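What follows is a short report on a single structure.
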Amino acid sequence: MNYFSGKLCTKLLLVVCFYSNFVYGEFKHNTIHTGLPLFSVWDETESSQDCISPHALAYPPHKEQTITIPKKVNTVAQNCRVQTVVYDEWGNTSFPRCETAPPTSIRLQVNSTIIRSSPQQTENFKYVNKWQKSTDGRDWEDAISNVPGLSNRYIIPSSSTNYRFYRYVLIDEESPGSLCNFDYQVYEIFSVPQPDPPLSLGNIEACRSENRMLTVSIDEEVEWYEDLTVDWYDEPIGGNLLLANSTTLLALTSGTYYAESRALPAPLGPPVPGSFVHDPDSILSCSSSQRTPVSIIVHDDPQKPTDETLSFCENTTITLSSDTSNVDYEWSTGETTSDINVSTPGIYTVTLTNDNGCSTKKTITLNQIDAPKIKTAISEEYTLTIIMDNNGDFEYSLDGYNYQDDNQFTNTEGGLYTLFAREKNNCGTTNLPYVHLVIPKFFTPNGDGIHDTFKISGAENLKPAQLSIFDRYGNLLKTTMNSPFEWDGSYNGRELPASDYWFQFKVNNNIKKGHFALKR
């Protein structure tokens, strides 16, 4: 070995950056022989050990000097990357703990990832793994795994109060100063400040029907807290949980109730960027040091009477009753008595108030039943139909004794009748005189004794009355006055042919017209 190569062996530290594990060979200044990978050389006085590319010497040799590298070198790839993530049994990478909570035993485990430039490096990357702990996140000390047979597990004992940071590291035994990038996710236990007790918005006194709420307020804009809420209890300490996650409580019984602030830590813990609380339910919530008492006095309402729907007859008066005693009354009419008399349909209310000032209300819907009113009647041969002027639950009669639900009467001989209509709830009866005229639609003058003449029955009771009969051309064929209203189908002793004929029946100034058929 020449002078230069000897000095180089004693004066230079060689570090080679390339993608193969073992290096043999030589190089000249400004020359690379045998297709060796790129590498760099620097002396022991230089502080930086970053690779110099391509193939440059930091300590220049003499010209044309050959440097021989007889030593085998264990190398690590430039793009080697080691990553470890520490998480607990719930999947959290940080553990927020209430400042007043006792230390908690936590089971940790790790997920390690080693990325190498080529598969061949796997055999030559020899490392050891270690758990480490720290009180400040800067100075670390080793922590021996306390889970037998599982070096990637660690249990933080509940007696550990000072150590807050934990990590899992991989160290290359042969090349401590390797060029790998190490990414260690730190698991942190950090304290969450205890929330202040809720602020009472005042004790209340209320009637039961008002459904007044007990209310407290909390400062929801608090750092560290993802959610700040209120739980209600029936005792200042311990007791039963009445309602969770609400700043209000509907209390239907007089007494004192207790509100407690409760906070869940934020999923992203500010001390460790990138950490998260995967399962907030796994973290013991942080509650206020004391509960805020809020009292309520609940007064009973008067017993509520049953609402009613009543009916009364037209042109009558009805009494409306509150059905309640020992209270003050206030009707929608302005009256202040227990009962009132009214004669108009509508909706009436009465407010009932007891000595505690609590009220209830009764509603009465009042419907009027109208008295029956007959408008007219219609006669169609032997059928008589009563027509009403209003609607209702009515029944009908032609004699005032025998009533029926149907307003139509069949097989009724012509004559003078008194028509009756009666309301079924005894809200009145009315009547109307009516002459029922039976006017046939045809007659057959063939001598068989059936329908041999055109005869209007019932008209004999009407005077003065006149019947006139015409042919289709308007020629007067017969007229009678206050005598039987009957025609045999002849004119001047001569039988007229089968055809349609017209009649006019005049009573005083009232005229009824129609037509009928003569059939032979």
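Residue numbers (the numbering used here): 717 to 1236. Here a beta-carbon is modelled for each residue, glycine too, at the ideal position from N, C-alpha and C. Just so we're clear, the structure is a prediction, and the values are computed from it rather than from any experiment.
Inter-residue Cα distance where the pair is Pro-914 and Arg-1007: 8 Å
Cβ-Cβ distance between Phe-1232 and Pro-1156 below 9 Å: yes
Meets three-Cβ-pair contact criterion under 8 Å: the segment 955–974 and the segment 1101–1116: Not touching, per the Cβ criterion.
3 or more residues per run - each beta strand (DSSP E) lying fully within the segment 1074–1154: 1075–1085, 1090–1096, 1099–1104, 1110–1113, 1131–1139, 1145–1152
DSSP state of Asn-1177 mapped onto helix, strand, coil: It is helical.
Length of the line joining the Cα atoms of Lys-1194 and Lys-1179: 18 Å
Cβ neighbour criterion (16 or more within 10 Å) applied to Pro-892: With a pLDDT of only 49 at Pro-892, under 50, the local geometry of the prediction cannot be trusted, and the value read off the model is given with reservation. Exposed, because fewer than 16 other Cβ atoms sit within 10 Å of the Cβ of Pro-892.
At least three beta-carbon pairs within less than 8 Å, the segment 1121–1141 to the segment 1063–1070: With a cut-off of 8 Å, the segment 1063–1070 and the segment 1121–1141 do not count as touching, because too few Cβ pairs lie within range.
Residue range of the unbroken beta strand (DSSP E) whose run includes Tyr-870: It spans 869–872 - the beta strand (DSSP E) in which Tyr-870 sits, taken as one unbroken run.
Cβ-based neighbour list, Ile-822, same chain, cut-off 8 Å, excluding 5 preceding and 5 following: Cβ neighbours of Ile-822 beyond the five flanking positions: Asp-804, Glu-805, Phe-811, Ile-871, Ile-872, Ile-905.
Rounded C-alpha distance that separates Pro-864 from Asp-852: 28 Å
Reference Asn-1142, options Pro-818, Glu-1030, Leu-1082, Val-798, closest by Cα: Glu-1030
First and last residue of the uninterrupted beta strand (DSSP E) at Gln-1220: 1215–1223
Any 3 or more C-beta pairs closer than 8 Å across the segment 1087–1097 and the segment 1144–1151: The segment 1087–1097 vs the segment 1144–1151: in contact.
Residue of Asp-1044, Asn-1042, Ser-1038, Ser-1048 minimising C-alpha distance to Asp-1055: Closest option to Asp-1055, Cα to Cα, is Ser-1038.
Reduced DSSP secondary structure (H/G/I, E/B, other) of Ser-1059: Looking at Ser-1059 - three-state DSSP - the assignment turns out to be coil, as it is neither helix nor strand.
Unbroken beta strand (DSSP E) run spanning Ala-960, endpoints: Premise fails: Ala-960 is in no beta strand (DSSP E) and is neither H nor E.
Lys-1024, DSSP secondary structure in three states: It is worth fixing the name first, because residue 1024 is Glu in this sequence and not Lys. DSSP places Glu-1024 in strand when its eight states are reduced to three.
Backbone CA spacing between Arg-813 and Ala-979 [nearest angstrom]: 11 Å
DSSP state of Lys-1007 mapped onto helix, strand, coil: First, the amino acid is wrong: residue 1007 is Arg here, not Lys. Arg-1007: coil per DSSP, three-state reduction.
Three-state secondary structure assigned by DSSP to Ser-850: Note: Ser-850 maps to strand in three-state DSSP.
Start-end ranges of the beta strand (DSSP E) lying completely within the segment 903–954, minimum 3 residues: 903–908, 920–923, 929–933, 941–949
Best match in Asn-1083, Asp-1017, Tyr-949, Asn-1042 for proximity to Phe-1028 [C-alpha to C-alpha]: Closest by alpha carbon: Asn-1083.
Proximal residues to Thr-800 (C-beta, below 6 Å), its chain only, five neighbours per side dropped: Val-826, Ser-828, Tyr-884, Tyr-900
Range covered by the beta strand (DSSP E) that runs through Ala-1238: The chain is shown from 717 up to 1236; residue 1238 falls before or after that span and cannot be answered.
Validate contact between the segment 1125–1137 and the segment 1075–1082 using beta carbons, cut 8 Å, 3 pairs: no
Cα-Cα separation, Val-757 to Asn-845: Because the pLDDT of Val-757 is 40, which lies under 50, any placement of that residue in the model is unreliable, and the question is left without a value.
Own chain residues within Cβ distance below 8 Å of Phe-1158, not counting five before or after: For Phe-1158, same chain residues with a beta-carbon under 8 Å away, outside a window of 5 residues either side, are His-1167, Phe-1232, Ala-1233, Leu-1234, Lys-1235 in chain order.
Ser-1048, DSSP secondary structure in three states: When DSSP states are grouped into helix, strand and coil, Ser-1048 belongs to the coil group.
Spatial distance of Asn-868 from Leu-824 (CA atoms): 8 Å
Reduced DSSP secondary structure (H/G/I, E/B, other) of Tyr-974: strand
Contacting residues, own chain, Cβ-Cβ under 6 Å from Pro-1009 (five flanking each side not counted): Thr-972, Tyr-974
Residue closest to His-1015, alpha-carbon to alpha-carbon, out of Thr-1053, Leu-968, Thr-1033: Leu-968
In DSSP terms, what Ile-1227 is bridged to: DSSP, once it has assigned bridges, lists Lys-1222 as partnering Ile-1227.
Terminal residues of the beta strand (DSSP E) in which Arg-1188 lies: Per DSSP, Arg-1188 belongs to no beta strand (DSSP E) and is neither H nor E.
Outcome for Glu-762 when other beta-carbon atoms lying within 10 angstroms are tallied against a minimum of 16: Unreliable positioning characterises Glu-762 in this predicted model, as indicated by a pLDDT of 40, which lies under 50. A coordinate reading is not provided.
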